[in-house]
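So the structure is just underneath, and the comments pick up after that.
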Amino acid sequence: MKKRERIQLGTPVVVNGKKLAIFRHGARYYAMQQFCPHAGGDLALGDIEDIDNMLCITCPRHGFQFVLLSGDCLIGDAWKAEHYPVEARAALPDTPRTLFVGFPQLNCSLFYEEDF
Numbered sequence: 001m002k003k004r005e006r007i008q009l010g011t012p013v014v015v016n017g018k019k020l021a022i023f024r025h026g027a028r029y030y031a032m033q034q035f036c037p038h039a040g041g042d043l044a045l046g047d048i049e050d051i052d053n054m055l056c057i058t059c060p061r062h063g064f065q066f067v068l069l070s071g072d073c074l075i076g077d078a079w080k081a082e083h084y085p086v087e088a089r090a091a092l093p094d095t096p097r098t099l100f101v102g103f104p105q106l107n108c109s110l111f112y113e114e115d116f
């Protein structure tokens, strides 16, 4: 992703070899798998809604709703979207922030020994 690109609601990105959708609500960022685990709808195109004090993304294909903080589906336990923590950090005060997405493990195929 280019430094100057601004993250809008539902921006598709590839991070650590995974297709994700990055969402911004207010000053907070969220990351979730890009495609709905139910029917493959592009969650990056979905709407963010506040449902019972939980921020959710609504799949544009069938309307399934997923909690941005947990990936839980509000329709039932059968579906869960992968979600990832996001942190926005600036290298120096008053400089643009960079988004960091957390993963339980890194895709080692993206790294080469000669890079270190």
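Residue 69 in the UniProt record's numbering sits at position 69 of the sequence shown; the count goes up by one each step and never skips.
Even for Gly, the Cβ is constructed at its ideal location relative to N, Cα and C.
No experiment lies behind these values; they were computed from the predicted model shown.
From what residue to what residue does the beta strand (DSSP E) around Arg28 run? Run containing Arg28: 28–33, per the beta strand (DSSP E) assignment.
Taking the straight line between their C-alpha atoms, what separation do you get for Val13 and Lys19? Here the alpha carbons of Lys19 and Val13 stand approximately 6 Å from one another.
8 Å Cβ cutoff met for Ala31 and Val101: Cβ atoms of Ala31 and Val101: closer than 8 Å.
So, at 7 Å on beta carbons, what are the nonlocal neighbours of Arg6 in its own chain, with the 5 sequence-adjacent residues on each side left out? With a pLDDT of 49 at Arg6, under the threshold of 50, the modelled position of that residue is not reliable, and no figure is offered here.
Cα-Cα separation between Thr95 and Asp47, rounded to whole angstroms: Using only the alpha carbons, I get a separation of about 30 Å.
Can you give the Cα-Cα distance for Leu11 and Ala91, rounded to whole angstroms? Sequence check: residue 11 is Thr here, not Leu. Between the alpha carbons of Thr11 and Ala91 lies a gap of roughly 23 Å.
Can you check DSSP and say which residues form a bridge with Arg89? In the DSSP output, where bridge partners are listed per residue, Arg89 has Thr98.
In this structure, what does DSSP give as the bridge partners for Pro37? Its beta-bridge partners do not exist; DSSP assigns none.
Can you name the start and end residues of the beta strand (DSSP E) that Phe23 belongs to? That run of the beta strand (DSSP E) goes 18–25.
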